[in-house]
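Novice: First the structure, which I've put down as structure tokens, then a few questions once you've had a look.
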Amino acid sequence: MNDAAPLLEVRHLQVDFHVGGTVQRAVQGVSFSVARGRTLGVVGESGCGKSVTSLSIMRLVPQPPGQYAGGQILFDGDDLLSLPERRMRDLRGGRIGMIFQEPMTSLNPVYTCGAQIVESLSVHSGLKGKAARERAIELLDLVGLPSPASRVDDYPHQLSGGQRQRVMIALALCNDPDLLIADEPTTALDVTIQAQILDLMGNLRERTGAAVMLVTHDLGVVAQTCDDVVVMYAGRVVEQAPTAALFADPQHPYTVGLMAAVPRIDAAAGRLATIPGSVPPPWIEAKGCRFASRCPLADTRCRAESPPLRDLSAGHHVACWKAPIEAAA
Amino acid sequence: MIDQILRRLLISIPVLFGVLFLGFGLLVLVPGDPAIVMAGPTATPEIVAAIRTEMGLDDPVLVQFGTYLGRVLQGDLGRSLISNKTVISELGAAIGPTAELMFACLIWSVPLGIGLGTLAAVSRGSIIDRAIMAISVAGVSLPIFFICLMMIQYLGVQWRLLPFIGRGGPLWTLEGIRHIALPALSLGAIFIGPVARMTRSSVLEVLKLDHVRTARAKGLSETRVILRHGLRNALIPVVTLIGLQVGYLLGGAVVTESIFSFPGIGRLAVGAILSSDFPLAQGTILVLALGFILINMIVDILYSLLDPRVQT
Ligand SMILES: Nc1ncnc2c1ncn2[C@@H]1O[C@H](COP(=O)(O)OP(=O)(O)O)[C@@H](O)[C@H]1O
Ligand SMILES: [Mg+2]
């Protein structure tokens with residue numbers, strides 16, 4: 605095993621959905637990697653293919669209608685897309701944990717929070733009975749649930765959204781995963797709770813050393829928590845860079861637009877900048893750049909030819925004809 | 002839990018009162034004069050009139066109802082006009098067999114219906130799914146008497162596999178089981194369809210929910226996901242459906258018992274009504290209503306056991 609190799613490497617991933625006789629390619633050749641101990645942010649507006657990409661890593665895209673049409677997902681050297689189901693199951697909830705966007709509905713309402721954690725412990729760690737229960741309480745304590753020893757027997761409906769998300773985090777972390785995928789873990793929560801959950805995830809990452817893939821549509825969150833960023837637009841990666849580099853020198857007009865849309869305390873009170881228009885469905889055929897229709901800089905070339913992802917500087921890639929490649933060389 | 006049962010019982014009181022009123026009212030309205038029945042075919046009009054007066058049948062209906070209610074509350078349901086045995090003893094002898102029939106019907110049809118429904122759901126769109134749905138539609142649309150007659154014709158008469166007349170003894174004896182088999186199979190046959198269809202749609206609904214995705218993300222096997230996180234949650238609406246269908250099942254029991262000469266409440270009710278045995282008919286209606294209330298109470302309790310979100 606090579607320590608220099610990234611823990612997770614997604615290569616040219618393509619995911620199709622077969623809907624009513626048509627093929628809709630929701631993810632179109634996405635590549636990125638996450639190293640051990642690092643946090644990767646994946647940003648983009650709704651419908652960009654972030655959730656499909658993260659579910660693909662767990663191989664949980666519903667099939668049908670979904671289909672993995674191409675590419676590889678290398679996890680510690682294994683291609684997850686061709687791994688036997690049996691081994692894939694061992695990874696799910698074992699070496700790869702996942703947190704979802706919907707804390708209100710992601711837990712099973714008929715089992716206690718403790719029972720749901722214990723189930724995962726018993727499947728992966730063989731921990732049963734009293735030992736598993738103790739461990740569940742320990743985990744609930746770790747994620748900051750108040751009075752965990754009694755909360756362990758609570759049903760999900762007895763907890764608030766933020767508390768449920770804490771339980772989900774405990775569930776995702778219970779078997780000490782090497783990779784944690786969090787798909788918009790705070791989107792459904794109140795702003796104050798959001799900050800608490802993000803803090804918690806930051807602390808836990810430091811304690812466990814797990815690699816984290818954090819999906820969000822909020823660049824503010826990325827700035828606070830991520831080492832690297834992937835910006836997705838309409839099923840593709842449009843820009844990719846270390847967080848500091850991206851914020852210092854955003855190159856893609858879409859990234860610039862997203863940054864302008866982040867509310868800032870120091871900005872003069874007034875209207876928040878937004879990108880006009882909305883994300884076209886990824887599978888709509890377009891000749892040129894997908895963003896051209898919303899881009900303030902677009903010219904005829906942008907509308908005619910699709911820009912490839914190019915290296916701008918070490919680790920900074922961008923798919924835009926306008927990016928000043930010469931300046932960085 | 003005890004609380005809940007008590008509350009249920011309290012709620013049942015007005016229902017029972019209504020049932021008593023309806024049962025009484027219906028029998029006042031239907032043609033047939035209990036006095037004529039009691040007096041017998043050779044009685045003169047004077048004798049019938051005398052009996053009418055003695056039975057209070059000439060009093061205003063509300064007064065009659067009051068008298069009737071007073072007696073029922075004291076546990077006196079009167080005597081059968083035909084056999085002259087107390088209604089209570091007639092009912093007492095018939096409750097056991099009907100309870101056995103219900104039990105023998107539910108014990109196989111509910112698990113089988115749930116199993117078939119789940120199988121249909123997980124193999125949705127396949128030939129298995131279609132076959133199961135076709136069978137359950139057939140079960141729902143065939144009239145119960147037809148199913149009974151087919152059972153008798155083939156399993157009873159042609160292949161001589163099972164007896165089809167009467168009751169062979171208590172359920173824990175071999176003869177008891179052999180005799181109850183055909184009625185229980187017939188009655189269960191009409192129940193599998195609704196249970197299977199409800200289970201199928203409920204499981205399909207649940208398997209789309211977010212928590213099932215979480216279960217998969219925990220690395221559980223597909224069987225475990227379907228049974229523990231799909232079916233387990235899907236049972237909640239299925240149990241409700243079973244409660245709602247109990248009336249339908251009791252109606253089926255009346256027909257089934259009559260056809261198989263099975264000595265239960267249903268057959269007693271039909272006999273009493275056909276022979277204008279008013280006190281006995283009222284008694285059987287009361288017992289059927291009580292059975293309905295009791296089964297729904299059990300369903301409610303099951304429901305709260307299955308769904309922790311229901312306040313207990
Ligand atoms: N189960 C599905 N069936 C059909 N299309 C889907 C399904 N899941 C996702 N998609 C499509 O894939 C695209 C990307 O969706 P998603 O990954 O959820 O976006 P994001 O998470 O970035 O908001 C969307 O256009 C969506 O309609
Ligand atoms: Mg999403």
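Chains Z and Y are the protein sequences, given in the same order. Residue numbering for the first sequence follows this note's numbering, beginning at 605 and increasing consecutively. Residue numbering for the second sequence follows this note's numbering, beginning at 2 and increasing consecutively. The beta carbon of each residue, even a glycine, is placed where N, CA and C say it ideally should be.
#1: Counting only the same chain and skipping the five closest in sequence on each side, list residues whose C-beta sits under 7 angstroms from that of Y:L156.
#2: State yes or no: is the C-beta of Z:V656 nearer than 6 angstroms to some heavy atom of ligand 1?
#3: What are the start and end residues of each continuous alpha helix (DSSP H) run of 4 or more residues lying completely inside the segment 109-177 of chain Y, in chain order?
#4: If the cut is a Cβ gap below 9 angstroms, which residues of chain Y does Z:Y759 touch?
#5: Output the boundary residues of the alpha helix (DSSP H) element that contains Y:Q75.
#6: Got a sec: does ligand 1 put a non-hydrogen atom nearer than 6 angstroms to the Cβ of Z:F895?
#7: My output table needs one value for Z:A845: the three-state DSSP class, helix, strand or coil.
#8: Spell out a yes or no on whether the segment 269-287 of chain Y and the segment 196-206 of chain Y are touching, meaning 3 or more CB-CB pairs, one atom from each, closer than 8 angstroms.
#9: Answer yes or no: does any C-beta atom of chain Y fall closer than 7 angstroms to that of Z:T791?
#10: For Y:G253 versus Y:I145, is the C-beta spacing smaller than 7 angstroms?
#11: Here's the rule: buried if 16 or more other CB atoms are within 10 angstroms of the residue's CB, otherwise exposed. What is Z:N779?
#12: So which of Z:G624, Z:V841 and Z:Q800 has the shortest CA-CA distance to Z:V747?
#13: Would a C-beta distance cut-off of 7 angstroms place Y:M152 and Y:S187 closer than the cut-off?
#14: Span of the alpha helix (DSSP H) holding Z:V771?
#15: How about Y:K209: is its C-beta nearer than 7 angstroms to some C-beta of chain Z?
#16: Short of 7 angstroms in beta carbon distance, which residues of its chain neighbour Y:A282, apart from the five on each side in sequence? Order them along the chain.
#17: Let's see if you can read the secondary structure: which residues bound the beta strand (DSSP E) around Y:H212?
#18: Taking the alpha-carbon of Z:E742 as reference, which of Z:G733, Z:M662 and Z:P752 has the nearest alpha-carbon?
#19: Would you kindly check if the distance between the Cβ of Y:G220 and the Cβ of Z:R696 is under 7 angstroms?
#20: With hydrogens ignored, establish whether the beta-carbon of Z:S882 is closer than 6 angstroms to any heavy atom of ligand 1.
#21: Would you tell me roughly how many angstroms separate the C-alpha atoms of Z:I929 and Z:A849, rounded to the nearest one?
#22: Would a check of beta-carbon distances place Z:G624 closer than 7 angstroms to chain Y?
#23: Have a look at Y:R217, Y:H180 and Y:T224 and flag the residue whose alpha-carbon is nearest the alpha-carbon of Y:E101.
#24: I'd like to know if Y:R217 contacts chain Z, where contact means its C-beta is closer than 7 angstroms to some C-beta of that chain.
#25: Contact criterion: CB-CB distance below 7 angstroms. Does Z:R696 meet it with respect to chain Y?
#26: Kindly list the residues whose CB is nearer than 7 angstroms to the CB of Z:G625, restricted to its own chain and excluding five residues on each side of it in sequence; keep chain order.
#27: Y:G126 CB to nearest chain Z CB: under 7 angstroms?
#28: Rounded to the nearest angstrom, how far is the Cβ of Y:L82 from that of Y:F279, given a contact under 8 angstroms?
#29: Within the continuous alpha helix (DSSP H) that includes Y:G295, where are the two ends?
#30: First and last residue of the beta strand (DSSP E) that includes Z:R615?
#31: In terms of DSSP beta bridges, what is Z:F636 paired with?
#32: Check each residue of the segment 232-248 of chain Y: if its Cβ is closer than 7 angstroms to any Cβ of chain Z, include it; give the result in chain order.
#33: Expressed to the nearest angstrom, what Euclidean distance is found between the alpha-carbon atoms of Z:M605 and Z:M702?
#34: Count the other CB atoms, across all protein chains shown, that sit within 10 Å of the CB of Z:T829; report buried if there are 16 or more and exposed otherwise.
#35: Can you have a look at Z:E909 and say buried or exposed, based on whether 16 or more other CB atoms are within 10 angstroms of its CB?
#36: Please list the segments of the alpha helix (DSSP H) lying wholly inside the segment 53-102 of chain Y, counting only runs of 4 or more residues, in order along the chain.
Specialist: With the structure as the only source:
#1: Same-chain partners within the cutoff: L162, L163 and L183.
#2: Closer than 6 angstroms to some heavy atom of ligand 1: that describes the Cβ of Z:V656.
#3: Under the rule that a run must span 4 or more residues, the alpha helix (DSSP H) segments found entirely inside the segment 109-177 of chain Y read 128-142 and 145-152.
#4: Those within 9 angstroms of Z:Y759 in chain Y are P309 and R310.
#5: For Y:Q75, no alpha helix (DSSP H) run applies, since DSSP gives it neither H nor E.
#6: For ligand 1, not one heavy atom lies less than 6 angstroms from the Cβ of Z:F895.
#7: Strand.
#8: Below 8 angstroms, too few C-beta pairs join the segment 269-287 of chain Y and the segment 196-206 of chain Y to call them touching: fewer than three.
#9: Not an interface residue.
#10: Contact: yes.
#11: Per the 10 Å Cβ criterion, buried.
#12: Taking only the C-alpha atoms, the option nearest Z:V747 is Z:Q800.
#13: Between Y:M152 and Y:S187, the CB-CB gap stays under 7 angstroms.
#14: Start and end: G765 to L777.
#15: Not flagged as an interface residue toward chain Z: Y:K209, since no C-beta distance is shorter than 7 angstroms.
#16: If we look at Y:A282 and ignore the five residues flanking it on each side, its Cβ neighbours are L28, A270, A273 and I274.
#17: For Y:H212, there is no enclosing beta strand (DSSP E); the residue is part of the alpha helix (DSSP H) that begins and ends at D211 to A218.
#18: With distances taken between Cα atoms, Z:E742 lies closest to Z:P752.
#19: Yes.
#20: Placement of the Cβ of Z:S882 at a distance of 6 angstroms or more from every heavy atom of ligand 1 is found.
#21: Bear in mind that the predicted position of Z:I929 carries a pLDDT of just 49, short of 50, making it unreliable; the figure below should be weighed with that in mind. Distance between the alpha carbons of Z:I929 and Z:A849: 15 angstroms.
#22: Chain Y contact via Cβ: absent.
#23: Out of Y:R217, Y:H180 and Y:T224, Y:H180 has the C-alpha closest to the C-alpha of Y:E101.
#24: Cβ-Cβ to chain Z under 7 angstroms: yes for Y:R217.
#25: The Cβ of Z:R696 sits closer than 7 angstroms to at least one Cβ of chain Y.
#26: Same-chain partners within the cutoff: there are none.
#27: Output row for Y:G126: interface = no.
#28: Contact check for Y:L82 and Y:F279: beta-carbon distance about 7 angstroms, within the 8 angstroms limit, so the pair qualifies.
#29: Sequence check: residue 295 of chain Y is Leu here, not Gly. F279 to L307 is the extent of the alpha helix (DSSP H) around Y:L295.
#30: The continuous beta strand (DSSP E) containing Z:R615 extends over residues L612 to V623.
#31: Answer by DSSP bridge pairing, in chain order: Z:V614.
#32: So the close ones are R233 and N234.
#33: At Z:M605 the pLDDT is 48, less than 50, meaning the model places this residue with poor confidence; the figure from the coordinates comes in the next sentence. When the Cα atoms are used, Z:M605 and Z:M702 turn out to be separated by approximately 24 angstroms.
#34: So Z:T829 ends up on the buried side.
#35: Burial check for Z:E909: the Cβ neighbour count within 10 Å stays below 16, so the residue is exposed.
#36: For secondary structure counted as the alpha helix (DSSP H) over 4 or more consecutive residues, the segment 53-102 of chain Y holds these complete runs in sequence order: 62-74.
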